[in-house]
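Colleague: For the sequence shown, the residue numbers in numbering that gives the first Met the number 0 are 0 to 142.
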Amino acid sequence: MTTVIAAIVTALLVATLAGWLLTRRSGQLRETHSESAQGAGSDAVDTADLGLSRSGPTVVHFSAPWCGPCDRVRRVVDQVCEDLGDVAHVEIDLDANPATAQRFSVLSLPTTLIFDVDGRQRYRASGVPKAADLRTALEPLLA
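#1: Report yes or no: do the stretch 74 to 91 and the stretch 127 to 134 share at least 3 C-beta pairs separated by less than 8 Å?
#2: What does DSSP give as the partner residues of Asp-124 in its beta bridges?
#3: Rounded to whole angstroms, what's the CA-CA distance from Asn-96 to Gly-50? Just pull it up for me.
#4: Please report the distance separating the alpha-carbon of Thr-57 from that of Met-0.
#5: I believe Phe-61 touches Leu-93 by the beta-carbon criterion, under 8 Å. Please report the beta-carbon distance rounded to the nearest angstrom.
#6: Look at the alpha carbon of Ser-35 and the alpha carbon of Val-44, and state the distance between them as a whole number of angstroms.
#7: Look up Asp-94 in the DSSP assignment and say whether it is helix, strand or coil.
#8: By DSSP, does Thr-1 sit in helix, in strand, or in coil?
#9: By DSSP's criteria, Phe-61 is part of a beta bridge. Which residues make up the other side?
#10: What residue from Glu-90, Leu-11 and Cys-80 has the CA that sits closest to Thr-111's CA?
#11: Could you tell me whether the Cβ atoms of Pro-128 and Gly-26 are closer together than 8 Å?
#12: Relative to the C-alpha of Leu-28, which candidate in Val-116, Gly-84 and Val-59 has its C-alpha closest?
#13: Would you tell me roughly how many angstroms separate the C-alpha atoms of Asp-85 and Tyr-122, rounded to the nearest one?
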């Protein structure tokens, strides 16, 4: 009996640790440093159909109607865009635009991308980003 309880406790600890490791980066904005982020080279990703702003940075987030956390991203991004003024927000439905999601290597929902005024991808987050992190990333792009 003690062996069974020890096995169950061990399994729970391992599952908890695995869950924590898999979600610890959820929502963290990461700066992108690829050729496509620089907007040059043959690997540049076409952003013409995204509807990016020409007067300021744009937050693009991939979502789907069945994605619960996507609603939270929408609320956070809308609030930050309203607070900062000249930041555009584009939401792309993964189900309706799978080719666009594939082009930007979107593997999970929600995924948020930040583009500068020149159309270069500057930041990326999987999960729900914090409003403070979005502001910190966007403010230098407004200058």
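A virtual CB, placed ideally from N, CA and C, is assigned to each residue, including glycine.
Modeller: The relevant details are as follows:
#1: Because the criterion of three Cβ pairs below 8 Å is met, the stretch 74 to 91 and the stretch 127 to 134 touch.
#2: In the sequence as presented, Asp is not what sits at residue 124; that position holds Ala. Ala-124 is bridged by DSSP to Thr-111.
#3: The C-alpha of Asn-96 lies about 14 Å from the C-alpha of Gly-50.
#4: Cα to Cα, Thr-57 sits roughly 59 Å from Met-0.
#5: The Cβ separation is near 5 Å, so the contact holds.
#6: Only weak support exists for where Ser-35 lies, its pLDDT of 42 falling under 50; the value from the coordinates is given anyway. Ser-35 and Val-44: Cα-Cα distance of roughly 5 Å.
#7: Coil, per DSSP.
#8: For Thr-1, the secondary structure class from DSSP, reduced to helix, strand or coil, is helix.
#9: Note: Phe-61 sits in a beta bridge opposite Ile-91 and Thr-110.
#10: In terms of Cα proximity to Thr-111, the closest of Glu-90, Leu-11 and Cys-80 is Glu-90.
#11: Yes; because the gap between Cβ atoms is below 8 Å, this pair is in contact.
#12: Of the candidates Val-116, Gly-84 and Val-59, the one whose C-alpha sits nearest the C-alpha of Leu-28 is Val-59.
#13: In this structure, the CA atom of Asp-85 is about 17 Å from the CA atom of Tyr-122.
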